[in-house]
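>
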Amino acid sequence: MQVYSIATADAFVLGIFESFVHQNWLLKVAPRMGVGNDLRWKPNTVFKPFPFPDASAAQKQSIRELAERLDHHRKSQQALFPDLTMTGMYNVLEKLRAEEPFDDKDRKIYEHGLVGILKQLHNELDVAVAESYGWATSLSSDEILQRLVDLNAERAAEEARGLVRWLRPEYQAPEEQGVQSTLELEEYDVPVVVIAEKRKWPKDLTEQVTSLRDLLRETGEMPLPVIAIATAYQPKLSAKRQAEAAKLLEMMASLGQAELVDGGWRG
Numbered sequence: 000m001q002v003y004s005i006a007t008a009d010a011f012v013l014g015i016f017e018s019f020v021h022q023n024w025l026l027k028v029a030p031r032m033g034v035g036n037d038l039r040w041k042p043n044t045v046f047k048p049f050p051f052p053d054a055s056a057a058q059k060q061s062i063r064e065l066a067e068r069l070d071h072h073r074k075s076q077q078a079l080f081p082d083l084t085m086t087g088m089y090n091v092l093e094k095l096r097a098e099e100p101f102d103d104k105d106r107k108i109y110e111h112g113l114v115g116i117l118k119q120l121h122n123e124l125d126v127a128v129a130e131s132y133g134w135a136t137s138l139s140s141d142e143i144l145q146r147l148v149d150l151n152a153e154r155a156a157e158e159a160r161g162l163v164r165w166l167r168p169e170y171q172a173p174e175e176q177g178v179q180s181t182l183e184l185e186e187y188d189v190p191v192v193v194i195a196e197k198r199k200w201p202k203d204l205t206e207q208v209t210s211l212r213d214l215l216r217e218t219g220e221m222p223l224p225v226i227a228i229a230t231a232y233q234p235k236l237s238a239k240r241q242a243e244a245a246k247l248l249e250m251m252a253s254l255g256q257a258e259l260v261d262g263g264w265r266g
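Under numbering that gives the first Met the number 0, the first residue of the sequence shown carries the number 0, and numbering increases by one thereafter.
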């Protein structure tokens, strides 16, 4: 048995994962296992590539509150009826949505789990999440998946330009204290470029030069400012390391291994 934990107390993340948007993504990308062909939640396929919405503070708060209400509803009903399971509640919810008839067991679960209220909470959450993406709730599964794939590509291009939409900026990028603004990016006039593979910043000076040279070759004729080069590494290069990289690039330029063009570097 494998258990994965998402280390955040923010119910906004729970709300996104409980929404129809993420459930469509999960059904498409999650691997399956066992005799029952059950979904297997894997971070590298389900979580990491999933593009969260660029929600406003008000939208985040709305999703957060709905997720907390949903979580409280399920836990409180299970506390009242210890034999009530999440699987049972959601099996009945699916029947309710499909307008399928209930048997005696279903009716008991419906009453104990207040599944009608559970359905309403999910409906409200789906609307709030759709609004945070700027989408209609009437989108088909295929339309949702295509938009998520497109949004994933947009985010990759943004990160190549230096804009990272951190999910937990206080932990992931405390030195930045938030996300770079679009205005800051426009100041660099950075072209969109997608880095094929993240790499680690070497400790050895010679290897650092080699890494920078390989990166510039990978991006071809497209000049990259240091801020974009920094995002090609995992973790992203700190301000101190960006300064080190800038000095190395200047040295490489003197040796004919790099060229500064319109504020960006190319090989």
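Think of the CB as a built atom: it goes at the ideal place given N, C-alpha and C, for glycine as much as any other residue.
Given the structure is predicted, the values throughout are model-derived calculations rather than measurements.
Distance check for V148 and R198, CA to CA, integer angstroms please.
Within the sequence shown, residue 198 is the residue found at index 199, counting from 1. Within the sequence shown, residue 148 is the residue found at index 149, counting from 1. Distance between the alpha carbons of R198 and V148 is about 23 Å.
> CB-CB under 6 Å to G87, same chain, minus the five flanking residues each way: which ones, in chain order?
By one-based count along the sequence shown, residue 87 stands at place 88. Hits under 6 Å: I108.
> Taking only the alpha-carbon atoms, compute the straight-line gap between F49 and E153 and give it to the nearest angstrom.
The residue you call residue 49 lines up with position 50 of the sequence shown. The residue you call residue 153 lines up with position 154 of the sequence shown. Rounded to the nearest angstrom, the two C-alpha atoms are 12 Å apart.
> Kindly identify the DSSP beta-bridge partner or partners of L259.
Stepping through the sequence shown from its first residue, residue 259 is reached at position 260. W264, per the DSSP bridge assignment.
> Could you tell me the alpha carbon to alpha carbon distance between P201 and Q207, rounded to whole angstroms?
The count along the sequence shown starts at 1 and reaches residue 201 at position 202. The count along the sequence shown starts at 1 and reaches residue 207 at position 208. One C-alpha to the other measures close to 5 Å.
> Check whether the region 50–59 and the region 117–131 are in contact - that is, three or more C-beta pairs closer than 8 Å.
yes
> Using a Cβ distance threshold of 8 Å, determine whether the region 94–114 contacts the region 8–28, with at least three qualifying pairs required.
no
> At the level of alpha carbons, what is the spacing between D70 and Y132?
Position 71 of the sequence shown, counting from 1, holds the residue named residue 70. Position 133 of the sequence shown, counting from 1, holds the residue named residue 132. Roughly 22 Å between the two C-alpha positions.
> Taking all protein chains shown into account, decide if P52 is buried (16 or more other Cβ within 10 angstroms of its Cβ) or exposed.
Here residue 52 is taken as the residue at index 53 of the sequence shown, counted from 1. Answer is buried; the Cβ neighbour count reaches 16.
> Cβ of A231 within 7 Å of Cβ of L214?
Here residue 231 refers to the residue found at position 232 of the sequence shown. Here residue 214 refers to the residue found at position 215 of the sequence shown. Yes, the Cβ-Cβ distance between A231 and L214 is below 7 Å.
> Expressed to the nearest angstrom, what Euclidean distance is found between the alpha-carbon atoms of Q256 and M250?
Taking the first residue of the sequence shown as 1, we reach residue 256 at position 257. Taking the first residue of the sequence shown as 1, we reach residue 250 at position 251. When rounded, the distance between both Cα atoms is 9 Å.
> If you check the beta carbons only, do L267 and L79 fall under 7 Å apart?
The structure shown does not extend to residue 267, since the chain is modelled only from 0 to 266, so the question has no answer here.
> I'd like to check one pair, A54 with L13: are the Cβ atoms closer than 7 Å?
For this step, residue 13 is matched to residue 14 along the sequence shown. For this step, residue 54 is matched to residue 55 along the sequence shown. Cβ distance not < 7 Å, so L13 and A54 don't count as in contact.
> In the DSSP assignment, what are the bridge partners of R198?
Here residue 198 is taken as the residue at index 199 of the sequence shown, counted from 1. Bridge partners of R198: Y232.
> Following the continuous alpha helix (DSSP H) through D105, name the residue where it begins and the one where it ends.
Position 106 of the sequence shown, counting from 1, holds the residue named residue 105. First-last of the alpha helix (DSSP H) with D105: D103 to G112.
> May I ask you to report which of helix, strand or coil DSSP gives L223?
Translated into the one-based positions of the sequence shown, residue 223 becomes position 224. It is a strand residue.
> Give the single residue among K235, E243 and F101 whose Cα lies nearest to the Cα of V163.
Here residue 163 refers to the residue found at position 164 when the sequence shown is read from its first residue. Nearest C-alpha to V163: K235.
> Skipping 5 residues on each side, what residues in its chain have a beta carbon closer than 7 Å to that of R240?
Your numbering for residue 240 matches position 241 in the sequence shown. Within the same chain, Cβ atoms closer than 7 Å to the Cβ of R240 are found at W200, the five residues on either side in sequence being excluded.
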